[in-house]
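In the numbering used here, the protein residues as written are 570 to 954. Backbone N, C-alpha and C define an ideal beta-carbon position, used for all residues, glycine too. Comments concern the structure below.
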């Protein structure tokens with residue numbers, strides 16, 4: 570077994586080589602893809618995966634070391650484009666997928682050869698996700714899927730989607746759901762980007778009209794989709810809490826902005842920055858604790874994102890209000906303004922703050938669930954709007 574110090578040396582040696590790999594790649598998407606492939610090819614892309622699945626079988630503490638050194642670099646990362654697959658879709662397949670599915674999807678996803686999206690929320694099934702109505706029917710050797718999903722990050726570029734669909738309408742709503750793997754590039758799938766106030770379209774609507782899925786592309790077993798959904802959400806919230814996916818404005822960058830603009834001597838500004846830096850340290854320390862519920866890290870991450878946005882609005886303005894919607898990253902003004910406009914998304918992605926608090930109340934504090942009349946009756950008999 571490799572020691573922590575030996576592993577850290579290995580990681581630092583790898584990061585020293587990365588800038589040369591990326592120096593001629595300008596497109597952010599391709600930079601991220603190249604970085605992910607380099608991680609995998611250097612035996613750093615599947616640290617806690619079993620050896621038989623192409624991983625190293627290492628413990629969480631080694632992942633923590635890698636993540637910390639990655640944050641220290643502050644020049645390359647695994648962001649929202651590939652974070653969905655690497656952060657939570659692929660770990661769910663690793664833990665619950667059949668041997669066929671693991672062999673088909675793990676390596677291409679971990680190398681950045683295939684991009685994933687998460688097809689969960691629907692117009693009528695958000696916080697009450699178990700009320701979803703996307704239908705999947707088995708027809709011979711394939712599933713036929715029809716329905717609509719919404720708020721799907723990265724769907725317009727995704728190759729594959731991890732999909733929750735109803736495969737049995739005659740049992741209570743949580744029992745009739747299956748988790749399937751949907752090929753996105755087919756005639757039966759239409760993706761419509763949703764314009765956001767940032768000027769970008771990272772969220773999408775996805776319409777499925779008799780889309781086809783191979784019969785064996787089921788994660789877990791048929792009808793076990795709710796348990797799979799909870800498992801994936803646990804990975805998602807752990808990933809978001811640990812700094813994966815969509816990135817909030819950095820406390821260190823805001824401290825540098827205050828120094829550059831000459832306002833760091835103001836006691837009020839110093840207090841705001843101290844609070845922000847303390848919050849970032851709390852997130853780091855929370856993620857080092859074993860057994861922490863993933864919703865705790867997710868809540869702290871979104872709280873930190875909102876706080877950073879408020880500090881940025883005080884430090885970057887009036888430049889922030891003058892943003893004219895230049896391409897992302899085209900100017901320093903654009904960077905701060907984009908971060909401010911994007912900050913509400915941190916509270917929504919991976920489950921709203923209210924959902925996280927309900928989860929903690931029920932599963933950690935043991936508080937009673939809110940009353941529901943549709944838990945024990947067949948979903949086909951549930952009255953719907």
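query, result
"Cα-Cα separation between residue 915 and residue 805, rounded to whole angstroms", "13 Å"
"Minimum length 3: unbroken beta strand (DSSP E) runs contained in the region 652–734", "685–688, 704–708 and 711–718"
"CB-CB length for residue 751 against residue 782, believed under 8 Å", "6 Å"
"Check whether residue 842 and residue 827 have beta carbons under 8 Å apart", "yes"
"Length of the line joining the Cα atoms of residue 672 and residue 845", "43 Å"
"Reduced DSSP secondary structure (H/G/I, E/B, other) of residue 748", "strand"
"Alpha-carbon to alpha-carbon, residue 940 and residue 622", "43 Å"
"CB of residue 738 within 8 Å of CB of residue 598, strictly", "no"
"Beta-carbon gap between residue 587 and residue 613 smaller than 8 Å", "no"
"Inter-residue Cα distance where the pair is residue 638 and residue 631", "11 Å"
"Cα-Cα separation, residue 743 to residue 852", "33 Å"
"Cβ separation of residue 661 and residue 705, assumed to be a contact under 8 Å, to the nearest whole Å", "That belief does not hold up - the Cβ atoms of residue 661 and residue 705 are roughly 18 Å apart, past 8 Å."
"Cβ-based burial, residue 717 [other Cβ within 10 Å; buried from 16]", "buried"
"Within 8 Å, strictly: CB atoms of residue 747 and residue 693", "no"
"Sub-8 Å separation of residue 733 and residue 701 beta-carbons", "yes"
"Selection from 780, 767, 774 and 754 that minimises the alpha carbon distance to residue 715", "780"
"Three-state class that DSSP yields for residue 761 in the structure shown", "strand"
"Test: residue 693 CB closer than 8 Å to a CB of chain B", "The structure shown has no chain B; it contains just one protein chain."
"For residue 782, the three-state DSSP class (helix, strand or coil)", "strand"
"Contacts around residue 951, its chain only, beta-carbon distance under 6 Å, and the 5 residues preceding and following it disregarded", "943"
"Close beta carbons around residue 957, own chain, < 6 Å, minus the five adjacent residues each side", "Residue numbering for the chain in the displayed model covers 570 to 954; residue 957 lies beyond these limits and cannot be assessed."
"Three-way DSSP call (helix, strand, coil) for residue 570 in this model", "coil"
"Spatially closest choice to residue 848 from 656, 870 and 864, by CA coordinates", "870"
"Cβ-Cβ distance between residue 670 and residue 788 below 8 Å", "yes"
"Residue 940 - partner residues in DSSP beta bridges", "According to DSSP, residue 940 bridges with nothing at all."
"Cut-off 7 Å between Cβ atoms - residues of its own chain near residue 635, not counting five sequence neighbours on either side", "580, 613 and 616"
"Proximity winner among 604, 645, 910 and 937, relative to residue 765 (alpha-carbon distances)", "910"
"Cβ-Cβ distance between residue 571 and residue 605 below 8 Å", "no"
"Whole-number beta carbon distance between residue 908 and residue 818, since they are thought to touch under 8 Å", "4 Å"
"8 Å Cβ cutoff met for residue 651 and residue 684", "yes"
"Own chain partners of residue 665 with C-beta closer than 7 Å, once the 5 adjacent residues on each side are dropped", "788, 789, 797 and 800"
"Alpha carbon of residue 695 to alpha carbon of residue 862, nearest angstrom", "22 Å"
"CA-to-CA distance, residue 855 to residue 866, given in whole angstroms", "7 Å"
"Extent of the continuous alpha helix (DSSP H) to which residue 850 belongs", "836–857"
"Exposed unless 16 or more other CB atoms sit within 10 angstroms - verdict on residue 925", "buried"
"Rounded straight-line distance, which links the Cα of residue 688 to that of residue 596", "26 Å"
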